[in-house]
Amino acid sequence: MKDTNKNSGYGLLGLGLGILVLTFVFALYTFLNPGSISQFSELVPDEPSNGEIVKGVWQGVSVLIYVIAALLLWIMASVGSRITKHGISLIRSPEKKEYVGTSSTEEQSQEERRSLEKREEENPPPPEDDTTRY
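Numbered by our numbering, the letters in the sequence shown go through residues 509 to 642 in order.
Written out as C-alpha cells, the structure is:
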C-alpha cells in the first residue's frame, strides 16, 4: 500500500509540475511574442459593418479575447498546482497497516489487550496492606 501511494504521488507530482512548466512556457511565449494572442481573434466571426453600437460591442469582444487567453493560462496553472498538491499529500501520507485474516478493529483491540498485559507485567500494582485501608 505504501509503495502504491508513493508511486501515485510521484506520478501526480510529475504531472502537476509538467503542467506548471508548460503554463510558464506558454506565458513566456505570449510575453515575448504578443502577436500570438491575436490568433484567438480567428475564433470570432468577422466584424459587421453596420451601426455604431455593434462596432462598440465588437471592440469589447476584441478586448475579451485577451481576457480569455489570460483565463486559460490561469486555469492551467490552477489545475497544475492542485495536481501537484495532491501528489505531495500522497507522498507524505502515513503508512497504513494491513492485517491478514482479521478486521482492523479486532486486531487493534487484541493489540491493546497485549500492550495492557505487558504494562501490567512490567509494572505490577503494589500489594494491598490492611493498614493502608481506611
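Ideal Cβ positions, reconstructed from N, Cα and C, are used throughout, including at glycine.
The beta carbon of residue 517 sits closer than 6 Å to the beta carbons of 595, 598, 599 from its chain, once the five residues preceding and following it are set aside; these are given in chain order. Taking the Cα positions, residue 541 is about 12 Å away from residue 547. Shortest Cα-Cα distance from residue 531 to any of 590, 582, 624, 574 involves 582. In this structure, DSSP gives residue 542 a helical state, which the three-state scheme calls helix. Note that the C-beta distance between residue 527 and residue 591 is below 9 Å. Remark: C-beta atoms of residue 589 and residue 519 do not approach each other more closely than 9 Å. Beta-carbon to beta-carbon, residue 515 and residue 601 are separated by about 12 Å, too far to satisfy the 8 Å threshold. Shown here, residue 631 sits in coil according to DSSP, grouped into three states, outside any helix or strand.
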